[in-house]
Each structure stands twice: as structure tokens, then as C-alpha cells.
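The block underneath contains the structure these notes are about, expressed in C-alpha cells.
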């Protein structure tokens, strides 16, 4: 079976082969989705922790809680890469790091 890696490359799996039953193929794909989900959750948590530390450091040094230009950069980056859904995803990510406004 072929599977797509995070970077978009195709990799061959020895499981099943070309005559694998559809349910085996689906199970393999779902397993990979679960692996990706685990990585996304870990990265989300790491990013939120780092963002919270940036905020604490900024406030402790006399800065503001938010830097709107930085948030705009992040929103633009996600929108450019993912469209309207990217904007919504970026808003969730930003909130996880700084809390609700």
C-alpha cells in the first residue's frame, strides 16, 4: 500500500500489498491519521506553552499582552496557505497560546 507522508511524498508499505482488501487499506490509512493527529496535538501543546511564555516574558519586561502585528502575520500565513479555513485554524491556535481576548 502507498501512503502519503507529512511532506507529501509517497511511501510504500509492506502491509497488504496491491491486493489488500479495502477494509485493510482503510485501517492502514486511519492508523496513519491517528499518528498525524497525535503529532498535531503534541505540536499544538508545545506551541501554546511557548506562546504563553512569550506573553509572560513580554509583560514582565513592560510590554503589552498582545502584539497585534504579530497576530496578523500568523493569520495571514495560515490564510495564504489554507484559505478561509486557515484563518479559523489560526484564530484557534492564537487563542490557545494567549487565551480569550
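Residue numbers (the UniProt record's numbering): 1 to 101. For every residue, glycine included, the Cβ atom is placed at its ideal position computed from N, Cα and C.
Here residue 43 carries a helix assignment [DSSP, helix/strand/coil].
Ranked by Cα distance from residue 99, the options 56, 31, 43 are led by 56.
By the Cβ-count criterion, residue 97 is buried, with 16 or more other Cβ atoms from all chains shown falling within 10 Å of its own Cβ.
The beta carbon of residue 78 sits closer than 7 Å to those of 86, 87, 89, 90, all from its chain and outside the five residues before and after it, given in chain order. Per DSSP, the unbroken alpha helix (DSSP H) holding residue 69 starts and ends at 68-82.
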